[in-house]
Amino acid sequence: MARLINTRLKPQKKADLQIVKQPDVKTTKYSDINLKNWKNYGHILTSSLWLFPSRLKEHGHSNEYHGNYIPQIAQQMYERYTKKNDIVLDMFFGSGTSGIEAINMNRRCIGVELKQDLVDSVSQKFTQKELVTDVNLICADSTSQDAYEKVQARLEIMGEEKAQFLMLHPPYDDIIKFSDKKEDLSNCESTEEFYDMFEKVAKNGYELLERGRFACLIIGDSYKNSEVQPLGFECMNRMRKLGFVLKSTIVKDIQGNERGKGRTANLWRYRALAGGFSIFNHEYIFVFQKP
Ligand SMILES: C[S@@+](CC[C@H](N)C(=O)[O-])C[C@H]1O[C@@H](n2cnc3c(N)ncnc32)[C@H](O)[C@@H]1O
Numbered sequence: 031m032a033r034l035i036n037t038r039l040k041p042q043k044k045a046d047l048q049i050v051k052q053p054d055v056k057t058t059k060y061s062d063i064n065l066k067n068w069k070n071y072g073h074i075l076t077s078s079l080w081l082f083p084s085r086l087k088e089h090g091h092s093n094e095y096h097g098n099y100i101p102q103i104a105q106q107m108y109e110r111y112t113k114k115n116d117i118v119l120d121m122f123f124g125s126g127t128s129g130i131e132a133i134n135m136n137r138r139c140i141g142v143e144l145k146q147d148l149v150d151s152v153s154q155k156f157t158q159k160e161l162v163t164d165v166n167l168i169c170a171d172s173t174s175q176d177a178y179e180k181v182q183a184r185l186e187i188m189g190e191e192k193a194q195f196l197m198l199h200p201p202y203d204d205i206i207k208f209s210d211k212k213e214d215l216s217n218c219e220s221t222e223e224f225y226d227m228f229e230k231v232a233k234n235g236y237e238l239l240e241r242g243r244f245a246c247l248i249i250g251d252s253y254k255n256s257e258v259q260p261l262g263f264e265c266m267n268r269m270r271k272l273g274f275v276l277k278s279t280i281v282k283d284i285q286g287n288e289r290g291k292g293r294t295a296n297l298w299r300y301r302a303l304a305g306g307f308s309i310f311n312h313e314y315i316f317v318f319q320k321p
């Protein structure tokens, strides 16, 4: 029943109509990729190992926020799993990578972020018109019912019942502390509490996502008490328990987005050799579909 409200306003979103009217076009219901020309999409990554030597810094993106993801991930996700004009819901909006790339690629975005000062400064990255029609920013705790209701209200204003893509890029437990707020996932008393809070956000996201549509979780692991904390696998499993179907497990090299360990590199190497562990050079991108 989704999208009944504005079907007439956006006929370009109806993949079925495109197939009927244009015999040379065959798309899935969730992307504009023309499968009749599938050989023309060499730039779309279908492998499970992603290597990006550097972060894209053009087209509105910058590296000023410690902990942002590289825009190439949004580009890959949006082209493969969304259609023009679709709404991407990002429950950890941070410095707005998801929104900037939504504008660049003619998608729309709703972003939820806990820190009011960040929401205010990120708003400056968008024009007044974009903030009315294309990018909606909400300052809220994404674990809460309040955030759920605010997103629902914005969806209605934008003429949709549900979002068409969900982006989740949570703090990696307490590796980077984003604020002192008790609602902040980077400020949990234990990793178990982090998992529980993450699950609440993922549940909100699940309910706000349209059926048949996709979600992306970007996350890396951590070390605590001389032991690996498998944040990626545990959060992925929490999402599967909520009903998300796991479609891809991608390992991404972090050379392109890591702030170099610089002078401490040797120290890390010594610690690795002495402690029997490996230095993280990767993070995960999990892709799910809501059945
Ligand atoms: C890893 S960063 C996301 C960065 C973002 N993807 C970008 O590219 O800029 C995680 C963000 O989640 C925010 N955050 C933490 N707990 C939150 C919560 N309960 N609700 C909403 N946002 C939260 C943090 O303030 C931080 O900006």
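Residue 31 is where the sequence shown starts when you use the working numbering, and the numbers rise one by one after that.
Don't be surprised by glycine CBs; every beta carbon is placed ideally from N, CA and C.
Check whether residue i and residue j have beta carbons under 7 Å apart
i       : j       : result
Thr-173 : Arg-137 : no
Ala-170 : Lys-180 : yes
Phe-310 : Leu-247 : no
Gly-235 : Leu-196 : yes
Gln-182 : Phe-244 : no
Asn-272 : Ala-232 : Here residue 272 is Leu; the residue named in the question, Asn, does not match the sequence. Contact flag set, yes.
Val-149 : Ala-177 : no
Thr-221 : Gln-175 : no
Leu-86  : Pro-101 : yes
Ser-84  : Ile-280 : no
Reference residue i, options the options, closest by Cα
i       : options                            : result
Leu-81  : Asp-283, Ala-295, Phe-307          : Asp-283
Gln-194 : Ile-205, Gly-242, Met-227          : Gly-242
Phe-228 : Met-107, Ile-100, Tyr-95, Met-121  : Met-121
Asn-22  : Asp-62, Lys-69, Thr-127            : The chain is shown only over 31 to 321; residue 22 falls outside these bounds and no answer can be derived.
Ser-256 : Met-269, Ser-308, Lys-69, Phe-224  : Ser-308
Pro-321 : Ala-295, Thr-76, Glu-237           : Glu-237
Thr-157 : His-96, Pro-83, Gly-129            : Gly-129
Leu-198 : Lys-211, Ile-249, Asp-210          : Ile-249
Cys-139 : Lys-192, Phe-208, Phe-263, Leu-75  : Lys-192
Lys-230 : Phe-208, Glu-240, Lys-254, Cys-265 : Cys-265
Coil, strand or helix - residue i by DSSP
i       : result
Ser-84  : coil
Val-55  : coil
Asn-296 : helix
Ala-232 : helix
Ile-103 : helix
Ser-209 : coil
Phe-137 : Correcting the residue type first, residue 137 is Arg in the shown sequence and not Phe. Here Arg-137 sits in coil by DSSP.
Tyr-108 : helix
Gln-182 : helix
Tyr-253 : strand
Leu-198 : strand
Leu-75  : coil
Lys-113 : coil
Thr-221 : helix
Lys-320 : coil
Lys-192 : coil
Whole-number beta carbon distance between residue j and residue i, since they are thought to touch under 8 Å
i       : j       : result
Lys-56  : Lys-66  : 5 Å
Ser-153 : Asp-203 : About 28 Å separates the two Cβ atoms, so there is no contact after all.
Pro-200 : Leu-215 : 5 Å
Asn-98  : Gly-124 : 6 Å
Asn-15  : Met-135 : Outside the displayed span of the chain (31 to 321) sits residue 15, for which this structure offers no information.
Leu-117 : Glu-160 : The sequence given here has Ile at residue 117, not Leu. Not confirmed; about 14 Å, so no contact.
- [ ] Quick one: which unbroken alpha helix (DSSP H) runs of 4-plus residues sit fully inside the region 139 to 171? Chain order, please.
- [x] 146 to 153, 158 to 163
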